[in-house]
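A.B. asks: For the sequence shown, my numbering gives the first residue as 2, with consecutive numbering after it. Before I ask anything, let me first share the structure, which is written out below as structure tokens.
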Amino acid sequence: MAPEPLRSRVRAESVGTLTDVWDATRARRGVVVAAGTVGIEFLNLVLILAAARLGRRPPVTDGRLPRSSRRRRDHFMSRLLHDARLALRRLLASPGYTALVVGTLALGIGVNTAVFSVLDSILLRPVPYVDADRIGVLWARYSQGQDAFFSARGGFDTALVNEWRRQTDLFDRVEAYEPRSFVFEDEHGAEMISGSVVTPGLMALLGVPPAQGRWFTEADGAGAGGRVAIVSDRFWRERLGGVTDAAGVSIVLDGRRYAVVGVMPADFRYPDEAQQVWLPADPTDTAAANDGSRVSFVPTVRLTRGLAWDDVAERVIARGPELNRVAGATTGNRAGAELHRVGRVFDERTERSLVVLAGAVVFLLLLVCANVANVTLARTIGRARDAGVRAALGASRLDLVRETAVEYVLLGLVSAAAGILVTVVALGALVAVLPEEMTRTSLNAIDLDGRALAALAVTAALTVVAFGLPPALVSSRASIALALGAQGRSVAGSRGARRLRATLIVAEVVLSIVLLVGAALMMRSVLKLQAIDTGVDPRGLITLQLALPAPAYADATLRDGFTRDLVDRLRRQPDVGGASAGSLPPDASEFAYGGIEFADRPGERTPQAFVATYDAWPGFFETTGIRLLEGRGFRAEEPDRVAIVSEGFAAKHWPGRSAVGARFRFGDQPWRTVVGVAAEVRRISEDADPNAFELYYPPDQLDGMLRPVRPLSTIAEIRTIVVRTSNAGRVAPLLGGVVHAVDPRVVVSRVSLVEHTMLDSIARSRVVLLMMSVFAGFGLVMAAAGLYGVLSHLVVSRRREIGIRIALGANRGQIGRLVFGRGLALALAGVAIGVPVALALVRTMRTLLYEVDAADPVAVLAVAGLLLVAAAAASWWPARRAMQVDPMTLFRDGA
Numbered sequence: 002m003a004p005e006p007l008r009s010r011v012r013a014e015s016v017g018t019l020t021d022v023w024d025a026t027r028a029r030r031g032v033v034v035a036a037g038t039v040g041i042e043f044l045n046l047v048l049i050l051a052a053a054r055l056g057r058r059p060p061v062t063d064g065r066l067p068r069s070s071r072r073r074r075d076h077f078m079s080r081l082l083h084d085a086r087l088a089l090r091r092l093l094a095s096p097g098y099t100a101l102v103v104g105t106l107a108l109g110i111g112v113n114t115a116v117f118s119v120l121d122s123i124l125l126r127p128v129p130y131v132d133a134d135r136i137g138v139l140w141a142r143y144s145q146g147q148d149a150f151f152s153a154r155g156g157f158d159t160a161l162v163n164e165w166r167r168q169t170d171l172f173d174r175v176e177a178y179e180p181r182s183f184v185f186e187d188e189h190g191a192e193m194i195s196g197s198v199v200t201p202g203l204m205a206l207l208g209v210p211p212a213q214g215r216w217f218t219e220a221d222g223a224g225a226g227g228r229v230a231i232v233s234d235r236f237w238r239e240r241l242g243g244v245t246d247a248a249g250v251s252i253v254l255d256g257r258r259y260a261v262v263g264v265m266p267a268d269f270r271y272p273d274e275a276q277q278v279w280l281p282a283d284p285t286d287t288a289a290a291n292d293g294s295r296v297s298f299v300p301t302v303r304l305t306r307g308l309a310w311d312d313v314a315e316r317v318i319a320r321g322p323e324l325n326r327v328a329g330a331t332t333g334n335r336a337g338a339e340l341h342r343v344g345r346v347f348d349e350r351t352e353r354s355l356v357v358l359a360g361a362v363v364f365l366l367l368l369v370c371a372n373v374a375n376v377t378l379a380r381t382i383g384r385a386r387d388a389g390v391r392a393a394l395g396a397s398r399l400d401l402v403r404e405t406a407v408e409y410v411l412l413g414l415v416s417a418a419a420g421i422l423v424t425v426v427a428l429g430a431l432v433a434v435l436p437e438e439m440t441r442t443s444l445n446a447i448d449l450d451g452r453a454l455a456a457l458a459v460t461a462a463l464t465v466v467a468f469g470l471p472p473a474l475v476s477s478r479a480s481i482a483l484a485l486g487a488q489g490r491s492v493a494g495s496r497g498a499r500r501l502r503a504t505l506i507v508a509e510v511v512l513s514i515v516l517l518v519g520a521a522l523m524m525r526s527v528l529k530l531q532a533i534d535t536g537v538d539p540r541g542l543i544t545l546q547l548a549l550p551a552p553a554y555a556d557a558t559l560r561d562g563f564t565r566d567l568v569d570r571l572r573r574q575p576d577v578g579g580a581s582a583g584s585l586p587p588d589a590s591e592f593a594y595g596g597i598e599f600a601d602r603p604g605e606r607t608p609q610a611f612v613a614t615y616d617a618w619p620g621f622f623e624t625t626g627i628r629l630l631e632g633r634g635f636r637a638e639e640p641d642r643v644a645i646v647s648e649g650f651a652a653k654h655w656p657g658r659s660a661v662g663a664r665f666r667f668g669d670q671p672w673r674t675v676v677g678v679a680a681e682v683r684r685i686s687e688d689a690d691p692n693a694f695e696l697y698y699p700p701d702q703l704d705g706m707l708r709p710v711r712p713l714s715t716i717a718e719i720r721t722i723v724v725r726t727s728n729a730g731r732v733a734p735l736l737g738g739v740v741h742a743v744d745p746r747v748v749v750s751r752v753s754l755v756e757h758t759m760l761d762s763i764a765r766s767r768v769v770l771l772m773m774s775v776f777a778g779f780g781l782v783m784a785a786a787g788l789y790g791v792l793s794h795l796v797v798s799r800r801r802e803i804g805i806r807i808a809l810g811a812n813r814g815q816i817g818r819l820v821f822g823r824g825l826a827l828a829l830a831g832v833a834i835g836v837p838v839a840l841a842l843v844r845t846m847r848t849l850l851y852e853v854d855a856a857d858p859v860a861v862l863a864v865a866g867l868l869l870v871a872a873a874a875a876s877w878w879p880a881r882r883a884m885q886v887d888p889m890t891l892f893r894d895g896a
């Protein structure tokens, strides 16, 4: 690249320069740093020669800046490039420092971005549909008692959906979906999958075109005779093998063959993430609509343009009862409809859990910034003499700040790049550990998208300012006197720098206390939840959910016969201690509803209420471990209508006496005789209703119960089998084979260990506890490390002063106590400030806590004690090093 007359000379000088740099750097810094330094020198040489080839020369002046704006700009850019090269050399010359800072910042930025991605996809980001701000869903609105209301998704029949379609002054389009479970069959067997029956225009309303094929048309839904289906991207990949052209491929659902006409995009999740297949509904079919037992649509609506959302919501509530009456869909407890925004998170606990995690990760990032600022500040203080010399030689304060700022911007850029990798890993881990109930209803895919990358860039920029500003300010105040001074306390930096480092340590302690208190409160809450007596013995208890196909089991007698045969066969299996059938509380599938009348109190009736009702076969209570406190269990044949009531139900309605033998009924249902009282079954949950009771009926006496709307399907019934075993790990995988040995047509939809199911009920609390424990542990380590670093730097920089003190007669114990006391003083200051701050902030967590006060003294005292122990351990080693200073060695070496 050099001009021909100078090429040989440039080559010789360049080789000589690079060789000298290699030898000198390798001897002092090692091979790795030497290679980096030589690379930078080589790059500088290439840039200089390239500029010479282009005919560009640096401006030569008489010591003043060129007056041209272009020259000033070129001069500024050349200074920035020079500062960047200098910063790169410094960072490569200190690989340990660089790795520590980049790793710490990347961890803070990456974890922060990962949590933001989850929060954004579930709570913040608009749903990915056309005119999403105008799209909503209608929920059925019910009355319970005289004045109380509750709403539920579903419950709209076809006629009622059509009535809402006619409300064109409110909505310009109304479509609907009905979640269903289908039995999918292929050469590998049969399994249950989730899907929906949708009105043909639903996909068009949402404005999401298929990735392959087409939308449904009105002809597809007319008469439901089209037998076509649209499948999800996951279904297409996993079950259709990702065929190039999926349109025309046939699949078997519920024993019927359907032609696939489309494949939805990978990020399409409507109505939730579990959907794998969509079938067209007939929007004009009202023949089986009015009984409410065969269809349960959820209307999806789009508001007429220009209408206010709150105004439309009020008018929906007002019109609901009349439209119910017109459609003939009225029931004893339905009061109309409610309008909700599509994609809204209805679970307040999920929303609060995500907000708490977001707050915790912000505190973690602040802690990272404080820790890195302390490290960089120590490095800046160590280079104070160099900065003083440069100031003496004419460098301005702006020059010193710019050089420091460029170095930290470079660190921030590298940390942001590394933070992307950390985000990918952390996001995958978060999605894996978050419970399905927190992510399933999100209509946005949880991934690293443009919004997350923008958040990462903003976080990285704010981080650079947060950790780079303190050392930049210290560097700008470089003292010429310090450059010319020899030794002494000035080496440790100015008094302002020392106060700044102490302030950063106190800030780290405060931030770590907030995280530790939050983690301690969640730990106490989870421990209390796990200590709840559920009333069920979950050890070795397994539940099977079976789907009995209607063609073979349309008659209840056949279903009961299969159940008896299966239970008898299960009881004969090795390691099986008991088997029965019945719904296991607290997950109710049926309810008794109405006012309760008692035979011994004629004319007295309680207010209308819902009570969860469960079917229980003979041996159910012995198998599940639910204790019978009085009376007996059910027999194989019960000539009269009987019931087993829970302890709370008996205590409420027959206080002070035995409920066994008493008779009651709901509404106009037949009278029942209480034959037993069972222990209360409680859900392991922070919001479990303490007044929730259970009723158990024989399986052939469930008529008259209020059941969830069951859609049209070839599945006659879903039944639950309970099995008690001494070796769940061996028995659970074999149960499907036992079922199919009785009848291979029966589909085993789920096999669950009750222990795991119970723990899943507090999955949100456990995830919050896990995340906050990790954050708090990391924060505690960083706070202790920062304190250790400050005290170590203090001892090293003031060794001469310590030596003089010892030479003048100071006790080594006094020296140690001086350093140790300074560390404890900083920690105590942080505790004194941090505890009130923590108590004020953790109030936002009180809805996540179970029987634990947000100002729990046990948690606060435990955290304060733990932090002081960590501070004592971090202060001990620097104090011990200070006590080992030998003044004679210092004076002999001229230190």
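Note that CB positions come from ideal geometry on N, CA and C, so glycine has one too. Because the structure is a prediction, the values reported are computed rather than measured.
1) Just to confirm, is the Cβ distance from glutamate 681 to glycine 536 under 8 Å?
2) State yes or no: is the C-beta of alanine 419 within less than 8 Å of the C-beta of valine 103?
3) Pull up the distance between the alpha-carbon of threonine 62 and that of leucine 50, whole angstroms please.
4) Mind listing, in chain order, the continuous alpha helix (DSSP H) runs of no fewer than 4 residues lying wholly within the region 175 to 245?
5) Quick one: measure Cβ to Cβ for leucine 365 and threonine 464, integer angstroms, because I've assumed they're closer than 8 Å.
6) Could you give the first and the last residue of the continuous alpha helix (DSSP H) run that contains phenylalanine 621?
7) Is it the case that the region 642 to 653 contacts the region 664 to 684, given that we only count it when at least three CB pairs across the two stretches are under 8 Å?
8) Answer yes or no: do phenylalanine 298 and aspartate 173 have a C-beta to C-beta separation smaller than 8 Å?
9) Would you mind listing the alpha helix (DSSP H) stretches within the region 780 to 805 that are 4+ residues and don't spill past its ends, in chain order?
10) Does the distance from the CB of valine 373 to the CB of glycine 111 come in under 8 Å?
11) Within 10 angstroms of its Cβ, does arginine 239 collect 16 or more other Cβ (buried), or is it exposed?
12) In chain order, which alpha helix (DSSP H) runs of at least 4 residues are fully inside the region 554 to 581?
13) Only counting runs of 4 or more residues, tell me where the alpha helix (DSSP H) segments fall wholly within the region 824 to 884, in order along the chain.
14) Just mark glutamine 885 as buried or exposed, buried being the case when its beta carbon has 16 or more other beta carbons within 10 Å.
15) Within 10 Å of its beta-carbon, does proline 471 have 16 or more other beta-carbons around it, so buried, or fewer, so exposed?
16) Please report the residue range of the beta strand (DSSP E) in which tryptophan 279 lies.
17) Using the rule of at least 16 other Cβ atoms within 10 Å of the residue's Cβ for burial, across every protein chain shown, is leucine 809 buried or exposed?
18) Whole angstroms are fine: how far does the CA of leucine 559 sit from the CA of glutamate 186?
19) Express the C-alpha separation of aspartate 534 and arginine 658 in angstroms, rounding to a whole number.
20) If you reduce the DSSP assignment to three classes, tell me which class glycine 263 lands in.
21) Would you call the region 547 to 556 and the region 816 to 833 in contact, with 3 or more CB pairs under 8 Å?
22) Exposed or buried, which one is serine 251 when buried takes at least 16 other CB atoms within 10 Å?
23) Indicate whether leucine 788 and isoleucine 514 have their beta-carbon atoms separated by less than 8 Å.
24) Within a Cβ cutoff of 6 Å, which residues of the same chain sit near glycine 64, ignoring the five residues on either side of it in sequence?
25) Considering Cα atoms alone, identify which of Val262, Arg257 and Leu517 is closest to glycine 249.
26) Which one of Gly256, Asp170, Ser122 and Gly214 has the shortest CA to CA distance from alanine 717?
27) Could you round the C-beta distance between alanine 644 and arginine 602 to whole angstroms and report it? I think they count as a contact, below 8 Å.
28) Measure the Cβ-Cβ separation of valine 264 and aspartate 221 and say whether it is below 8 Å.
29) Let me know if glutamate 404 comes out buried or exposed under the rule of 16 or more other beta-carbons within 10 Å of its beta-carbon.
30) Could you please give the first and the last residue of the uninterrupted alpha helix (DSSP H) stretch that includes isoleucine 318?
31) Quick one: any contact between the region 773 to 785 and the region 572 to 580, if contact means 3 or more CB pairs under 8 Å?
32) Say whether the region 832 to 839 touches the region 737 to 744, bearing in mind that this needs 3 or more beta-carbon pairs closer than 8 Å, one atom from each stretch.
33) Determine whether the beta carbon atoms of tryptophan 216 and alanine 230 lie at a separation below 8 Å.
34) According to the neighbour-count rule (16 or more other Cβ atoms, all chains shown, within 10 Å of its Cβ), is alanine 25 buried or exposed?
35) Please tell me whether alanine 548 and valine 748 are closer than 8 Å, where the distance is taken between their beta carbons.
36) Return the first residue and the last residue of the alpha helix (DSSP H) that isoleucine 685 is part of.
C.D. replies: Quick look at the numbers:
1) What you label residue 681 is simply residue 680 of the sequence shown in a count that begins at 1. What you label residue 536 is simply residue 535 of the sequence shown in a count that begins at 1. Yes; because the gap between Cβ atoms is below 8 Å, this pair is in contact.
2) Indexing the sequence shown from 1 puts residue 419 at position 418. Indexing the sequence shown from 1 puts residue 103 at position 102. Their beta carbons are under 8 Å apart, which means alanine 419 touches valine 103 by this criterion.
3) Within the sequence shown, the letter at position 61 stands for residue 62. Within the sequence shown, the letter at position 49 stands for residue 50. Legend: pLDDT at threonine 62 = 43, less than 50; position of this residue unreliable, no value from coordinates given.
4) 203 to 207, 219 to 222 and 234 to 239
5) By 1-based counting over the sequence shown, the position of residue 365 is 364. By 1-based counting over the sequence shown, the position of residue 464 is 463. Contact flag wrong, Cβ pair sits at about 12 Å.
6) Position 620 of the sequence shown, counted from the start, is the residue given in the question as residue 621. 621 to 625 is the span of the alpha helix (DSSP H), which, as asked, contains phenylalanine 621.
7) yes
8) As a working mapping, residue 298 is identified with position 297 in the sequence shown. As a working mapping, residue 173 is identified with position 172 in the sequence shown. Going by C-beta atoms, phenylalanine 298 is not nearer than 8 Å to aspartate 173.
9) none
10) On the sequence shown, position 372 is the one that residue 373 refers to. On the sequence shown, position 110 is the one that residue 111 refers to. Not in contact: valine 373 and glycine 111 (Cβ atoms no closer than 8 Å).
11) Walking along the sequence shown from the start, residue 239 turns up at place 238. According to the sequence shown, residue 239 is glutamate rather than arginine. Under this definition glutamate 239 is an exposed residue.
12) 557 to 572
13) 858 to 884
14) As a working note, residue 885 is residue 884 in the sequence shown. Glutamine 885 is exposed by the Cβ-count criterion.
15) The count along the sequence shown starts at 1 and reaches residue 471 at position 470. So proline 471 counts as buried.
16) For the purposes of this step, residue 279 is taken as the residue at position 278 of the sequence shown. Its beta strand (DSSP E) spans residues 278 to 281.
17) The count along the sequence shown starts at 1 and reaches residue 809 at position 808. Exposed is the call here.
18) For the purposes of this step, residue 186 is identified with residue 185 of the sequence shown, where counting begins at 1. For the purposes of this step, residue 559 is identified with residue 558 of the sequence shown, where counting begins at 1. Approximately 23 Å, taken between the alpha carbons.
19) As a position in the sequence shown, residue 658 is number 657, starting the count at 1. As a position in the sequence shown, residue 534 is number 533, starting the count at 1. Distance between the alpha carbons of arginine 658 and aspartate 534 is about 24 Å.
20) Counting from one through the sequence shown, the residue named residue 263 turns up at place 262. Glycine 263: strand per DSSP, three-state reduction.
21) no
22) Numbered from 1 along the sequence shown, position 250 holds the residue referred to as residue 251. It is exposed - the Cβ of serine 251 has fewer than 16 other Cβ atoms within 10 Å.
23) For the purposes of this step, residue 788 is taken as the residue at position 787 of the sequence shown. For the purposes of this step, residue 514 is taken as the residue at position 513 of the sequence shown. Not a contact, by the Cβ cut-off of 8 Å.
24) Taking the first residue of the sequence shown as 1, we reach residue 64 at position 63. Annotation note: pLDDT 40 at glycine 64 (below 50); position unreliable, coordinate value reported separately. Excluding sequence neighbours, glycine 64 sits near nothing in its chain.
25) Working through the sequence shown from its first residue, we reach residue 249 at position 248. Out of Val262, Arg257 and Leu517, Val262 has the C-alpha closest to the C-alpha of glycine 249.
26) Numbered from its first residue, the sequence shown carries residue 717 at position 716. Checking every option, the nearest Cα to that of alanine 717 belongs to Gly256.
27) Stepping through the sequence shown from its first residue, residue 644 is reached at position 643. Stepping through the sequence shown from its first residue, residue 602 is reached at position 601. Their Cβ separation, rounded to whole angstroms, is 17 Å, which puts alanine 644 and arginine 602 out of contact at 8 Å.
28) Within the sequence shown, numbered from 1, the residue matching residue 264 stands at position 263. Within the sequence shown, numbered from 1, the residue matching residue 221 stands at position 220. No, the Cβ-Cβ distance between valine 264 and aspartate 221 is not below 8 Å.
29) Taking the first residue of the sequence shown as 1, we reach residue 404 at position 403. Label assigned to glutamate 404: buried.
30) As a first step, residue 318 is located in the sequence shown; it is residue number 317 there, counting from the start. Segment 310 to 328, the alpha helix (DSSP H) holding isoleucine 318.
31) no
32) no
33) What you label residue 216 is simply residue 215 of the sequence shown in a count that begins at 1. What you label residue 230 is simply residue 229 of the sequence shown in a count that begins at 1. Result no, Cβ atoms of tryptophan 216 and alanine 230 do not sit closer than 8 Å.
34) Position 24 of the sequence shown, counted from the first residue, corresponds to residue 25. Classification of alanine 25: exposed, given that the 10 Å Cβ count is below 16.
35) In the sequence shown, residue 548 corresponds to position 547, counting from 1. In the sequence shown, residue 748 corresponds to position 747, counting from 1. In this structure, valine 748 lies closer than 8 Å to alanine 548 by Cβ.
36) Indexing the sequence shown from 1 puts residue 685 at position 684. Note, isoleucine 685: premise wrong, no alpha helix (DSSP H); not H, not E.
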